[in-house]
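Have a look at the structure below before the remarks.
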Amino acid sequence: MPEIIDPGTIRLSNADILDFLKRKRLLNAQDVAADKSAGRPKVELADNYQRALRKHERELSSRKYPYADNPGAYKSSNRFRSMALFAEKLDERILGPLEAKHAQDSDVPKAEMRRRLQREQDVKGLTEIEHFQICNLAPQCVETLQNIVVDWEARLTAEEMEVLLSTVNEVYRCGATLPGNVNGMDVDNRMGTNGDAMEG
């Protein structure tokens, strides 16, 4: 689990933050138990701190978020794998075909063709923030996706938005098992909650 060192040091998904809050609550309970068994006076945690932890944990535990029903994509280290798999599939399905399209322009010098291809791939590629929002919400309709992808009308065609949506559903709404592989390596779907391999 990533350690939260300082706000802005690392970007975390909602599922990462929920894990952090659960572990923090467990650590607080262990500290209280250790103080009690050692005969030390109870250390009172600030009320606003405890309220904030409970409020955020309650919100992030809601079934409205996709990680509640799709552990294959969101459990432990599979979160990183699912984001990598999603990015890889988008490259194959949206950015990859652009190469063939630009290669058909035989009148254009290769250097210019590469520049045009790079520009178009830069425009159509998702930003890091867009990736995180898609991971957090796993939208199930194009209208929600349109609210996440900035200037989508200028960047993507309606068909590409449908491809994007089907890829979201394939990767982030996969149920108990993350599909396929990432960079030719099989995705390990047998990870425990701490990232340790499960027996069986």
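According to our numbering, the stretch in the sequence shown is residues 321 to 520, in order.
Every residue, glycine too, gets a C-beta built ideally from N, C-alpha and C.
Check                                                                                                                                                                     : Outcome
Can you tell me the Cα-Cα spacing of Lys-362 and Ala-349, whole angstroms?                                                                                                : 11 angstroms
Taking the alpha helix (DSSP H) that Gly-416 falls in, what are its first and last residues?                                                                              : 416–423
CA-CA distance, Leu-405 and Arg-383?                                                                                                                                      : 24 angstroms
From what residue to what residue does the alpha helix (DSSP H) around Leu-341 run?                                                                                       : 334–357
Which residue from Asp-442, Gln-441, Phe-452 puts its Cα closest to that of Phe-400?                                                                                      : Phe-452
Have a look at Glu-432 and Asn-334 and give me their C-alpha separation to the nearest angstrom.                                                                          : 42 angstroms
Going by the beta-carbon positions, is the gap between Lys-421 and Thr-487 smaller than 8 angstroms?                                                                      : no
Could you tell me the alpha carbon to alpha carbon distance between Gly-359 and Ala-366, rounded to whole angstroms?                                                      : 21 angstroms
Within 10 angstroms of its Cβ, does Asp-336 collect 16 or more other Cβ (buried), or is it exposed?                                                                       : buried
Which first and last residues belong to the alpha helix (DSSP H) in which Ala-431 is found?                                                                               : 430–444
Exposed or buried, which one is Lys-395 when buried takes at least 16 other CB atoms within 10 Å?                                                                         : buried
Exposed or buried, which one is Pro-521 when buried takes at least 16 other CB atoms within 10 Å?                                                                         : The structure shown has nothing for residue 521, since the chain only spans 321 to 520.
Taking 6 angstroms as the limit between beta carbons, can you name the residues of its chain near Val-462, skipping five residues before and five after?                  : Met-481, Leu-485
Residues in the same chain with beta-carbon distance under 8 angstroms from Arg-475, minus the five sequence neighbours each way, listed in chain order, please.          : Val-443, Lys-444, Val-469
Could you check the C-alpha separation between Ile-449 and Ser-357 for me, to the nearest Å?                                                                              : 46 angstroms
For Ser-426, count neighbouring C-beta atoms within 10 Å of its own C-beta (all shown protein chains included) and say buried if the count is 16 or more, exposed if not. : exposed
Taking the alpha-carbon positions, what's the Gly-392 to Pro-499 distance?                                                                                                : 8 angstroms
Just reading off the alpha helix (DSSP H) that Pro-314 is part of, what are its end residues?                                                                             : Because the chain is modelled from 321 through 520, residue 314 falls outside the range shown and cannot be assessed.
Given this structure, state the Cα-to-Cα distance separating Arg-436 from Met-403, to the nearest angstrom.                                                               : 27 angstroms
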